[in-house]
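Beneath this line is the structure, given in structure tokens, with notes to follow.
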Amino acid sequence: MTELPIHDYYPQASQLVYGCMNLGGGWNNNSVSDSDIKEATAIVETCLAHKINVFDLADIYTFGKSEEVFGQVLKSMPSLRKQMILQTKVGIKLTPTHEVKQYDLSPEWITKALNNSLKRLQSENVDILFLHRPDPLMDLDDTAEALNKLHKQGKFSHLAVSNMHAAQIAWLQSATTVPIIANQLQMSLEHADFVEETITTNMKEGCSSGFPRGTLEFCEQQNMQLQAWGSLAQGKYSGNGSDSPTEAELATSKLVCQLANRYSSNANAIVLAWLMKHPVNIQPVIGTTNTDRIIECTKAGKVNLSREDWYQLFEKARGHEIP
Ligand SMILES: NC(=O)c1ccc[n+]([C@@H]2O[C@H](COP(=O)([O-])OP(=O)(O)OC[C@H]3O[C@@H](n4cnc5c(N)ncnc54)[C@H](OP(=O)(O)O)[C@@H]3O)[C@@H](O)[C@H]2O)c1
Numbered sequence: 595m596t597e598l599p600i601h602d603y604y605p606q607a608s609q610l611v612y613g614c615m616n617l618g619g620g621w622n623n624n625s626v627s628d629s630d631i632k633e634a635t636a637i638v639e640t641c642l643a644h645k646i647n648v649f650d651l652a653d654i655y656t657f658g659k660s661e662e663v664f665g666q667v668l669k670s671m672p673s674l675r676k677q678m679i680l681q682t683k684v685g686i687k688l689t690p691t692h693e694v695k696q697y698d699l700s701p702e703w704i705t706k707a708l709n710n711s712l713k714r715l716q717s718e719n720v721d722i723l724f725l726h727r728p729d730p731l732m733d734l735d736d737t738a739e740a741l742n743k744l745h746k747q748g749k750f751s752h753l754a755v756s757n758m759h760a761a762q763i764a765w766l767q768s769a770t771t772v773p774i775i776a777n778q779l780q781m782s783l784e785h786a787d788f789v790e791e792t793i794t795t796n797m798k799e800g801c802s803s804g805f806p807r808g809t810l811e812f813c814e815q816q817n818m819q820l821q822a823w824g825s826l827a828q829g830k831y832s833g834n835g836s837d838s839p840t841e842a843e844l845a846t847s848k849l850v851c852q853l854a855n856r857y858s859s860n861a862n863a864i865v866l867a868w869l870m871k872h873p874v875n876i877q878p879v880i881g882t883t884n885t886d887r888i889i890e891c892t893k894a895g896k897v898n899l900s901r902e903d904w905y906q907l908f909e910k911a912r913g914h915e916i917p
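What the sequence shown shows, in the working numbering, is residues 595 to 917, in sequence order.
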């Protein structure tokens, strides 16, 4: 396997990233409980014991409680911080009543949001700061200046983006001196538009692909790490199912199960192995809070799907033959 682009900056980084969106006791106003801390501790320990050392957070996850609970884990076991690559995101603003969502990459908001994240995380800095989503009202120079300043202050070591296309990244990079090292996008067997856009150029059905054309190629050329959120497709093909499954979903789940047997693996690992077969070397971000499932996911690196199996899975999930 070729090196992950992120290895230029973090040679020890694992291919799997643990997504902390569901830590902290849910999206409610309850305070963090002892059992939330216990759950987060068990998850962090399981990840590290199975060589998952990149942790993905965001200021908004469970309204800040995800970072809070993670900070509690670090406080009780400070030595863990050195073993991990910690990433968080800013740029989505939820009002105190959590009703009106806005994107905000203004200097004031990103500075305040990052400082609050660091407080919750009980850390002096994060390794990678992600801009969570593009903000149509962003003033490029002001934002870039604020990022340069926060970087100089040592509050984050590397910059990354999420849900951005090639032109947005290049535009941002033109103004900031901090290199952008990663882009996190929704990519999975379910949300496979990153493959659709590759194979449907010049075709009517290609117009429905939501994935920005050229983004994968741009990121690869710039040696930017691609991370996939929603990588397990919420377990749709690996046991979680859905309320009224389509024929394609049922057929895909069946094939995932058969491949799990054939490759002596498990369904979650097959879903991730499909993503990891892509030569841009994607880092799947996994959001399961079930420690057994986390361990199952770590088996994905051992599965090298054949070209035929990869295409068959893709075709089953898209529901019809490729052009
Ligand atoms: N950048 C962005 O805009 C963005 C957006 C969304 C998420 N993210 C990041 O990506 C991470 C992952 O996203 P995600 O949580 O939406 O996606 P995911 O990893 O595809 O799905 C995780 C969810 O699916 C359930 N699940 C997975 N496999 C299962 C199975 N075999 N059986 C039953 N349930 C199963 C999990 O439940 P259990 O906990 O019970 O296993 C959990 O609720 C997040 O934690 C976050 O860090 C980033």
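Every residue gets a Cβ at the ideal spot worked out from N, C-alpha and C, and that includes glycine. Just so you know, these numbers come straight off a predicted model, no measurement behind them.
Worksheet item: Which word fits S803, buried or exposed, when buried means at least 16 other C-beta atoms lie within 10 angstroms of its C-beta?
Response: Here residue 803 is taken as the residue at index 209 of the sequence shown, counted from 1. The residue is buried, with at least 16 neighbouring Cβ atoms inside 10 Å.
Discussion item. Quick check on I775: buried or exposed, where buried means 16 or more other Cβ atoms within 10 Å of its Cβ?
Written reply: As a working mapping, residue 775 is identified with position 181 in the sequence shown. The residue is buried, with at least 16 neighbouring Cβ atoms inside 10 Å.
Practice prompt. Answer yes or no: the CB of L820 versus the heavy atoms of ligand 1, is any distance below 7 Å?
Written response: The sequence position of residue 820 within the sequence shown is 226, counting from 1. Outside the cutoff, so no.
Practice prompt. Would you give the residue range spanned by the beta strand (DSSP E) that A776 belongs to?
Written response: For this step, residue 776 is matched to residue 182 along the sequence shown. Here the beta strand (DSSP E) through A776 covers 774-780.
Discussion item. On the criterion of 16 or more Cβ atoms from any shown chain inside 10 Å, does Q609 qualify as buried, or is it exposed?
Written reply: If you number the sequence shown from 1, residue 609 lands on position 15. Burial call: buried.
Worksheet item: Using CA coordinates, which residue listed in R887, F908, S838 is at the minimum distance from W868?
Response: Taking the first residue of the sequence shown as position 1, residue 868 is located at position 274. Checking every option, the nearest Cα to that of W868 belongs to F908.
Worksheet item: Comparing the CB of N757 with every heavy atom of ligand 1, is any distance shorter than 7 Å?
Response: The residue given as residue 757 occupies position 163 in the sequence shown. N757: yes, Cβ under 7 Å from ligand 1.
Discussion item. DSSP has Q681 in a bridge; who is on the other side?
Written reply: Start at 1 with the first residue of the sequence shown, and residue 681 comes out as number 87. For Q681, the beta-bridge partners assigned by DSSP are D650, I722.
Discussion item. Nearer than 7 Å: is that true of the beta carbon of H581 relative to any heavy atom of ligand 1?
Written reply: No statement about residue 581 is possible, as the shown extent of the chain runs from 595 to 917 and does not include it.
Discussion item. Rounding to the nearest angstrom, what Cα-Cα distance links A861 and I763 in this structure?
Written reply: Taking the sequence shown and counting its residues from 1, one reaches residue 861 at position 267. Taking the sequence shown and counting its residues from 1, one reaches residue 763 at position 169. Looking at the two C-alpha atoms, the distance is approximately 34 Å.
Worksheet entry | Whole-angstrom distance between D903 and I916, CA atom to CA atom | Here residue 916 corresponds to residue number 322 of the sequence shown, with the count starting at 1. Here residue 903 corresponds to residue number 309 of the sequence shown, with the count starting at 1. Here the alpha carbon of I916 sits roughly 14 Å from the alpha carbon of D903.
Discussion item. Excluding the 5 residues flanking F649 on each side, which residues of the same chain have their C-beta closer than 8 Å to its C-beta?
Written reply: For this step, residue 649 is matched to residue 55 along the sequence shown. For F649, where only same-chain residues beyond five positions count, the Cβ hits under 8 Å are V611, Y612, C614, V638, C641, F664, M678, I679, L680, Q681.
Worksheet item: When every heavy atom of ligand 1 is checked, does at least one fall within less than 7 Å of the C-beta of C641?
Response: Numbered from 1 along the sequence shown, position 47 holds the residue referred to as residue 641. Answer for C641: no, Cβ out of range of ligand 1.
Practice prompt. Determine which residues share a DSSP beta bridge with L820 and list them.
Written response: Your numbering for residue 820 matches position 226 in the sequence shown. The partner list for L820 (beta bridge, DSSP) reads N777.
Worksheet item: Relative to the C-alpha of K871, which residue among V850, C851, S900 is closest?
Response: Taking the sequence shown and counting its residues from 1, one reaches residue 871 at position 277. Of V850, C851, S900, the residue nearest in Cα terms is S900.
Worksheet item: Over what stretch of residues does the alpha helix (DSSP H) that includes V789 continue unbroken?
Response: In the sequence shown, counting from the first residue as 1, residue 789 sits at position 195. Counting along the chain, the alpha helix (DSSP H) containing V789 begins and ends at 787-793.
Practice prompt. Identify every run of the alpha helix (DSSP H) within the region 830-891, keeping only runs that are complete inside it and at least 4 residues long; order them along the chain.
Written response: Counting whole runs of 4 or more residues, the region 830-891 contains the alpha helix (DSSP H) stretches 841-856, 861-870, 885-891.
Item to complete: May I have the straight-line CA-CA distance separating E811 from E790, to the nearest angstrom?
Response: The residue you call residue 811 lines up with position 217 of the sequence shown. The residue you call residue 790 lines up with position 196 of the sequence shown. In a straight line, the C-alpha of E811 is about 14 Å away from that of E790.
Item to complete: With a floor of 4 residues, list each alpha helix (DSSP H) that falls wholly inside the region 694-773, ordered by position along the chain.
Response: You should have 701-715, 734-746, 760-769.
Practice prompt. List the DSSP bridge partners of Y612.
Written response: As a position in the sequence shown, residue 612 is number 18, starting the count at 1. Looking at the DSSP assignment, Y612 forms a beta bridge with F649, I880.
Fill in: C-alpha gap between L617 and D630, whole angstroms
If you number the sequence shown from 1, residue 617 lands on position 23. If you number the sequence shown from 1, residue 630 lands on position 36. One C-alpha to the other measures close to 7 Å.
Worksheet item: Just checking my contact of V879 with Q778 at CB under 8 Å: how many whole Å lie between their CB atoms?
Response: Start at 1 with the first residue of the sequence shown, and residue 879 comes out as number 285. Start at 1 with the first residue of the sequence shown, and residue 778 comes out as number 184. In this structure, V879 and Q778 form a Cβ contact; the two beta carbons are roughly 7 Å apart against a cut-off of 8 Å.
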